[in-house]
Each structure stands twice: as C-alpha cells, then as structure tokens.
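Presented below is the structure to which this report refers.
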Amino acid sequence: MVSPVDANNQDFMTRTLRQAAQETGTDFNFLLRTAARESNFDVRAEASTSSATGLFQFIEQTWLGVMQRRGAEHGYEDAAAAISRDANGRYVVEDPVQRQRILDLRFDAEASARMAGELAAENAAVIQTRIGRPASGGELYAAHFLGAQGAASLIEAAENNPQGRADQLFPAAARANRAIFYEDGRARSTSEVLASLTGDRPAPQIPASANRAAAASPDLDDSGNIRLAGSYTPARNTSPVAPGSHRVGNGELSPALVEILASLDAPRSAGRARNS
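The UniProt record's numbering puts the sequence shown at residues 1 to 276.
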C-alpha cells in the first residue's frame, strides 16, 4: 500500500491519476477534477457529516461495493473476497479488523483513484440505460455525488418536474450537503441542484475577498503535473479544503466550487464489459 504521505509529491499524484485513468478506461480530466472537487487532493480528508473519506470521498458502503466488484482486477483479491452482502443488501465484512483495513484503503491514493475510475465507468453504464443517452461529465459527477441511480433520478426529475424540491427526493444527501440543496434557507429545485452539480449554469461572480485560486481546472505545471499550492500537508480529521480560503466544511461542497470545477469530460469506454 502506498502511504498517504507520499501523495505530497505532485509527480506522484499526477502519475497516480493518469495510471488509474489508463487502467479503468476513464478520462484523466474526470479523475483530476473530481479529486479536486471532492478533497482538493487531500488523501486524508474526512467529512464530518458522513463517512466520506479520502481523495474521492468514498462513503463506506460505496467503497465496499466497488471494492467487492472491481478490487480483484487491481490486486485487492483478499479485500474483494472478504466483502459480502447481508439480507438487507448492505456490504459487510465479518472480521472487524479486516473491515477497517479495507476501509482504510480509501486513504491510499492509488486504490482510491482506481476505484473512482471503475465506479465512474459503472455509473456511466447505469445512467445511459436509465436515460437513453450517454451521461455528460457533469452528470457523472452527480453520480459520484448521489450514486448512479440517484443521479439518473435527479436527471429525470429535473426534466419531468423541474420545480420540485430536490431535498424531498434526496433527504439524506440534503442533510449532509445543505449548501447544494438550499440557498439562503430556500430549498432548491431539482433543476437547480442538477445545474449546480453539472455546471449547466454560469459560475457565480466571486468577490475580491474570496478565494481566486479555485480555477476552472486544477493547476498543472509545464510538465502536466498537478501543482499543489503551497506546502501540501494533508491531515486527518479535517474536511476537504479548497486552495486558499474557500473551505468545504462539514462534508458540504461549496456551490461556487461545484460550479467552477463542473466542466468534466465523460470517461472513455474501456472496451470491456462492466457489471452495473
């Protein structure tokens, strides 16, 4: 396992995301920008309102599920074999020590990036089946945020009932991410939440006092490597923080950050069958 501290090296982070993109057939830009949005490349980021953890902020059940389905393809055979589903459909691991070890793989940048790529490919297939067309990059981010079925439901709701309240459709997600589902105390509609997640509306004006480092895409140096702002020192038990002063606290995503970093490229087909 790669130590999370090794991710301080921008070359390592770039290689990790590029390798994951190649191995899973997922677009590098999608992984790059999703990691920026989810954790600002902090491999130790932990949300305070959910179990979301690591570079791509996987919650426990999503992580266990994708690890069971795809982990063996990436060298995690023991982890994949240890995961099963109980009578309620939840992913479980009998041995609590092994369960924690598997969950701690979310702090491993390589494991997290590979599973994020696999999940994106799975989500793309599910959404296309539901809505009858390929998902856009922004819609794939919505799937990372809400799950594939949740994203498809949001897309359908935004089309069929655009003024309906999104928090009533996704109450748990709304409780954990109030900045996405509410604006000045007002519940956002399904169309507004979808637009916020996919970037289908203009990015808001950012006041001069606010962070200007959250660019439309993560900063790359002349060699195409991720430029990590300042001295990059990831720390556990902190919510993801964007460069500068725009904090993404309490497990919430800043609407400004979501919109500014929303122009994602859809994953390319890996040319191999994937189970949905």
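Glycine residues also receive a C-beta, built at the ideal position from the N, C-alpha and C atoms.
- Beyond the five residues adjoining it in sequence on each side, Ala135 comes within less than 8 Å, by CB distance, of Asn123, Ala124, Ile127, Gln128, Ala143, Ala151, Ala266 in the same chain, given in chain order.
- Residue burial annotation: Val193 is buried, with at least 16 other C-beta atoms found within 10 angstroms of its C-beta.
- If you look at Ser84, you'll find it in the beta strand (DSSP E) that goes 83-85.
- For the pair Leu64 and Val92, the CB atoms are nearer than the 9 Å cut-off.
- Cα atoms of Ile102 and Ala79: separation of roughly 6 Å, rounded to the nearest angstrom.
- The beta carbon of Pro162 lies closer than 7 Å to those of Ser189, Thr190, Ser191 in the same chain, with the five residues before and after it left out.
- Across the structure, Glu23 and Ala113 are spaced so that their CA atoms are roughly 10 Å apart.
- For a cut-off of 8 Å, the C-beta gap from Arg90 to Gln61 is around 7 Å, short enough to register as a contact.
- Here Gln19 is near Glu110, since their CB atoms are less than 9 Å apart.
- In this structure, DSSP gives Tyr141 a helical state, which the three-state scheme calls helix.
- Judged by DSSP in its simplified three-state form, Val97 adopts helix.
- A distance below 8 Å between beta-carbons, with the five flanking residues on each side excluded, links Asp86 to the following residues of its chain, in chain order: Val92.
- In this structure, DSSP gives Val43 a state outside helix and strand, which the three-state scheme calls coil.
- Taking a C-beta distance under 9 Å as the contact criterion, Arg130 and Ala148 qualify as a contact pair.
- The Cβ neighbour count for Glu77, taken over all protein chains shown within 10 Å, is under 16; the residue is labelled exposed.
- Non-local C-beta neighbours of Glu38 in its own chain, meaning closer than 6 Å and more than five positions away in sequence, comprise Phe56, Gln57, ordered along the chain.
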